[in-house]
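Protein chains: 2
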Amino acid sequence: VVIELINTGSELMLGRVLNTHQQWLCRELADLGHLVTRQVAVADQGLPIQAAVRESLSRADLIITTGGLGPTSDDITRDLIAELLGCRLIEDQNVVGHIARFFAALKRPMPERTRVEAQVPEGAAVFLNAHGTAPGLAIELSPNPFRDDARSSWLVMLPGPPRELRPMFTDSIKPWLQRLFKPDAPLFCRTLRSTGLGESIVQGKLEAPMQRFVNQGLEIGYCARPGQVDVRLAARNPGAAELVADAEKTVREALGRRVFGVENEELEDLIIRWMSEQKQTLAVAESCTGGLLANRLTNVPGASAVLLAGLVVYSNEAKRKFLGVREETLAEHGAVSAAVALEMAAGARERTGATYALSLTGIAGPGGGTLQKPVGTVFIGLAGPEGVASVHHVNPWDRLTFKQVSSQQALDLLRMRIEK
Amino acid sequence: VVIELINTGSELMLGRVLNTHQQWLCRELADLGHLVTRQVAVADQGLPIQAAVRESLSRADLIITTGGLGPTSDDITRDLIAELLGCRLIEDQNVVGHIARFFAALKRPMPERTRVEAQVPEGAAVFLNAHGTAPGLAIELSPNPFRDDARSSWLVMLPGPPRELRPMFTDSIKPWLQRLFKPDAPLFCRTLRSTGLGESIVQGKLEAPMQRFVNQGLEIGYCARPGQVDVRLAARNPGAAELVADAEKTVREALGRRVFGVENEELEDLIIRWMSEQKQTLAVAESCTGGLLANRLTNVPGASAVLLAGLVVYSNEAKRKFLGVREETLAEHGAVSAAVALEMAAGARERTGATYALSLTGIAGPGGGTLQKPVGTVFIGLAGPEGVASVHHVNPWDRLTFKQVSSQQALDLLRMRIEK
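Here it is, written out as structure tokens:
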């Protein structure tokens, strides 16, 4: 099944909003076993929309458009597509009734202009909008005159607002698609997340051992994020489930403990989960990451059972006052040093009574670097029942990436300690 | 100038990541006066990439591709495009040197496979990657054999990671584009950022006074973000600059001090700037926002001159120990109360000696709400030379949105106090 997605919206082309439909619909379709071959975005203008739809119709079995079905003057997709296909628009009384009931429930008068949303291409399947007024529409072209091979195609139009589109897709379009389009073979996809190795190192470790799976049809993808490389394994041949499972085993053998999670798991999710299970507690003391580490941990529901306190101690005085870092240590080693990281971690642990304490001190930049300690230098300390430890990294990136990578390294240091 | 954007990446088509390049590049180009006519995303596969590039080449003056320039096996864009154009790839010694220096700075050996990134289509302009290894590439097709009109086109290839693409575009590609492509008529676009009012309230206040500008060709767009509504004013007719300037004046009159900034300014940018100019200092004490407020402030370069300390005090004990919140206050009013917010702010100010201190205590959810204090409740305290004050909001959103909106309200409370 060849599927193409067309997103219409001038706000997309002006770069004013993020196109979340693309990811959401592609993922939903992938979960049904279908890969979108091409996604196109164009402005709310006649020529670009008709050109994009015409081209997709010449290639695809299923075309899904989003946006342009509403009541305002820039909602032109329905009219343009009807014109392109030579379809008459007729008022659908079911839709008129739905719109009337929608406004009655809100106890507001029905604006006359919403009535245009009941204009439906003759013969189209209509999907009522449970969270709005504009219906979804599906038109079968059988045969499709835009295709050289004269096969048939379906064109599905969905409303633009995500809170209307998503439930409509899930509740109505998805079951309809499942009846109409059987995936050629089910698609299996597994993402493994690693940290501590660069993208080229990860691939270097995987290339030879993965070759035999690639030969059997496995597709491997790499995605580099700050302080993290995701390895995506996908296959859709018969036997794909076993192929992906075997490949996962090989990736885990090759990367060892550098693999920390699967799918969308973050390091902070694992740490909060493990520590709450073990009834362990945590304190963090941050200089250069400025609260990002505490922020990441507290993004996880239930973090309050684990994180006792976070101390953001930019100034030397705050390091002394809130963590008991000694004047002499600061004078002798400087604030950015292993010695200070260790005293920060030990001080945070002692003053909060937490099972573990993490600390970071470094130079986020853009200013403040020296020859010995360039921008990007970071010392990370960990204090726990087993004693204290520190690591040293150089992350010479921009300020925000530095913060992200450094917080990732700190979480990983703790993970390596507490992982079962 | 006809511009098309091609994003390559199987992870996009599998719906595994959001395509942030589209918004970012479209916005940057719009700010230069250029509208992207079409954006296309395809998987990292030979046929779809070559088909998309070939089609764009038949229509566009400028084609920008993202992704597929890295060292791994799915990085195939450069090779495919060279093949399509019949260009030889040759090793660029400047790029080899850049890659070697990049790994030397990291004190890591240069992985042999990164050397492939130095393969450059013969005759291409090369933009070194200040934040990575793969360079940007620009090829002129003069004349462009894919166009019927035999005009020339430029094809620009950018690396996929956003933290490499963005500075490369800003520092190298943008000035280069400005020399090469003059916009047909200048596009004037101005974004005003407001906080404290919902999107429909903002639109309600603006609709009547803005009508006369709309009649003259002004386009108004609204973008609702957590705790923030952006109003976008755009025009490209003759006289557009004055039209947009007059419209801005009217928006500012209608929204008053709810407008806090323009374009990409964040509340934390303004606060760090104003406070450093005034040589004022700040401390923050956070419960429910868990470090997000400190994190936002420390995202701003130069924050270390302003922010003395941030205390993330989830537990009652931490509130007592690090901020001196009294046992009786906690017992009498509960941790989520105006009284505790005020003591947190006063304690943070006193213990750090900062000019101002902000505090937050609330219920981020999903659990922990009560009938009197539902999930979303937040109390924000401010202590300064003028005394202490607190505000109370209910932000009944998901956990991350709650944190973002609450931190926005805290920054706004401080802004209203210190704004000149």
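Line by line, the protein sequences give chains R and B.
Numbering of the first sequence is given in this note's numbering, commencing with residue 1 and proceeding in unit increments.
Numbering of the second sequence is given in this note's numbering, commencing with residue 1001 and proceeding in unit increments.
Just so you know, even glycine gets a beta-carbon here, dropped at the ideal spot from N, CA and C.
Source: prediction; values computed, not measured.
For R:VAL231, name the three-state secondary structure that DSSP assigns.
DSSP, read as helix, strand or coil, puts R:VAL231 in strand.
Compare the C-beta of B:MET1013 against all C-beta atoms of chain R and say whether one is closer than 8 Å.
Output row for B:MET1013: interface = yes.
Rounded distance between the beta-carbons of B:ALA1341 and B:SER1359, thought under 8 Å:
Yes, B:SER1359 and B:ALA1341 are in contact; Cβ-Cβ is about 5 Å, under 8 Å.
Residue environment, B:ALA1150, which counts as buried when at least 16 other CB atoms sit within 10 Å:
So B:ALA1150 ends up on the exposed side.
Does chain B have any CB closer than 8 Å to the CB of R:SER315?
So, interface residue.
Report yes or no: is there a C-beta of chain R within less than 8 Å of the C-beta of B:ALA1105?
So yes, B:ALA1105 belongs to the interface.
Which bits of chain B does R:TYR222 rub up against, with CB to CB less than 7 Å?
Correct list: THR1072 and ASP1074.
Identify, in the order they occur along the chain, each residue of the same chain with its Cβ nearer than 7 Å to the Cβ of R:THR377, setting aside the five sequence neighbours on each side.
Excluding sequence positions up to five before and after R:THR377, its CB lies within less than 7 Å of the CB of VAL336, GLY362, ILE363 and VAL394, all in the same chain and listed in chain order.
Can you name, in chain order, every residue of its own chain whose Cβ lies under 8 Å from the Cβ of R:ALA185, other than the five neighbours on each side?
So the qualifying residues of the chain are GLY33, ARG236, ASN237, PRO238 and ALA240.
I'd like the list of long-range same chain contacts for B:ASN1299, defined as Cβ closer than 7 Å, with 5 residues on each side in sequence excluded.
Short of 7 Å from the beta carbon of B:ASN1299, and not among the five residues preceding or following it, lie these beta carbons of its own chain, in chain order: GLU1268.
Identify the contact partners of B:GLN1278 in chain R, using a Cβ-Cβ distance below 8 Å as the criterion.
Ordered by position in chain R, no residue passes the 8 Å Cβ test against B:GLN1278, which lies about 18 Å from the chain.
Rounded to the nearest angstrom, what separates B:THR1195 and B:ILE1380 at their Cα positions?
When only Cα atoms are considered, B:THR1195 and B:ILE1380 end up about 16 Å apart.
8 Å is my cut-off, CB to CB: does R:LEU266 come that close to chain B?
Here the sequence assigns Glu to residue 266 of chain R, which means Leu is not the residue at that position. When Cβ-Cβ separations below 8 Å define contact, R:GLU266 makes no contact with chain B.
Beta carbon of R:LEU243 nearer than 8 Å to that of R:VAL202
In this structure, R:VAL202 does not lie closer than 8 Å to R:LEU243 by Cβ.
Roughly how far, in whole angstroms, is the beta-carbon of B:ALA1224 from the beta-carbon of B:MET1168, given that I think they are within contact range, below 8 Å?
That pair is no contact at about 31 Å.
Grab me the residues of R:THR472's own chain with a C-beta within less than 7 Å of its C-beta, minus the 5 sequence neighbours each way, in chain order.
Residue 472 of chain R is absent from the model: chain R starts at 1 and stops at 420.
Suppose contacts are defined by Cβ-Cβ distances below 8 Å. Is R:MET13 in contact with R:ALA51 by that definition?
Against a cut-off of 8 Å, the Cβ pair of R:ALA51 and R:MET13 comes out as no contact.
At the level of alpha carbons, what is the spacing between R:LEU155 and R:LEU62?
Whole-angstrom Cα-Cα distance: 6 Å.
Take B:TYR1314 and list the residues in its own chain whose beta-carbon comes closer than 8 Å to its own, dropping the five residues that flank it on each side.
Cβ neighbours of B:TYR1314 beyond the five flanking positions: SER1287 and GLY1290.
Who pairs with B:GLN1119 in a beta bridge, going by DSSP?
Per DSSP, B:GLU1091.
Cβ neighbours of B:ASN1264 in the same chain (closer than 6 Å, five flanking residues each side left out):
Cβ within range, chain order: n/a, list empty.
Taking 8 Å as the CB-CB limit, is B:SER1152 close to chain R?
No, no contact with chain R.
With 16 other Cβ atoms within 10 Å as the buried cut-off, status of B:ARG1193:
So B:ARG1193 counts as buried.
Rounded distance between the beta-carbons of R:ALA234 and R:GLU219, thought under 8 Å
Correct: roughly 5 Å between the Cβ atoms.
Range of the contiguous beta strand (DSSP E) that encloses R:LEU137
136-141 is the span of the beta strand (DSSP E), which, as asked, contains R:LEU137.
Count Cβ pairs between the segment 322-330 of chain R and the segment 345-352 of chain R that sit closer than 8 Å; are there 3 or more?
Between the segment 322-330 of chain R and the segment 345-352 of chain R there are three or more inter-stretch CB-CB distances shorter than 8 Å, so the stretches are counted as touching.
Got a sec, what are the start and stop residues for the alpha helix (DSSP H) R:CYS26 sits in?
Following the DSSP letters along the chain, one finds R:CYS26 inside the alpha helix (DSSP H) bounded by residues 20-31.
Report buried or exposed for B:HIS1392, applying the criterion of at least 16 other Cβ atoms within 10 angstroms of its Cβ.
The residue is exposed, with fewer than 16 neighbouring Cβ atoms inside 10 Å.
Pick out whichever of R:PRO143, R:PRO385, R:ILE271 and R:LEU84 has its Cα sitting closest to the Cα of R:SER304.
Closest by alpha carbon: R:ILE271.
Contacts around B:GLU1017, its chain only, beta-carbon distance under 6 Å, and the 5 residues preceding and following it disregarded:
The residue asked about is misnamed: residue 1017 of chain B is Val in this sequence, not Glu. So the qualifying residues of the chain are GLU1011.
CB of R:TYR222 within 8 Å of CB of B:THR1072, strictly
Contact flag set, yes.
Taking the beta carbon of R:ASP31 as the centre, do at least 16 other beta carbons fall within 10 Å, making it buried, or is it exposed?
Counting the other Cβ atoms within 10 Å of the Cβ of R:ASP31 gives fewer than 16, which makes it exposed.
Closest to B:TRP1213 by CA distance: which of B:ASP1246, B:PRO1183, B:PHE1181 and B:LYS1182 is it?
At residue 1213 of chain B the sequence reads Phe, which differs from the Trp that was named. When each option's Cα is compared against that of B:PHE1213, the closest is B:ASP1246.
Complete alpha helix (DSSP H) runs within the segment 1308-1363 of chain B (minimum length 4 residues, chain order):
Residue ranges of uninterrupted alpha helix (DSSP H) with 4 or more members, entirely inside the segment 1308-1363 of chain B and ordered along the chain, are 1316-1323, 1327-1333 and 1338-1352.
Determine which residues share a DSSP beta bridge with B:TRP1154 and list them.
B:LEU1062 and B:GLU1140.
For the segment 384-416 of chain R, enumerate the residues whose C-beta is nearer than 8 Å to any C-beta of chain B, in chain order.
Residues VAL394, PRO396, TRP397, ASP398, ARG399, LEU400, THR401 and LYS403.
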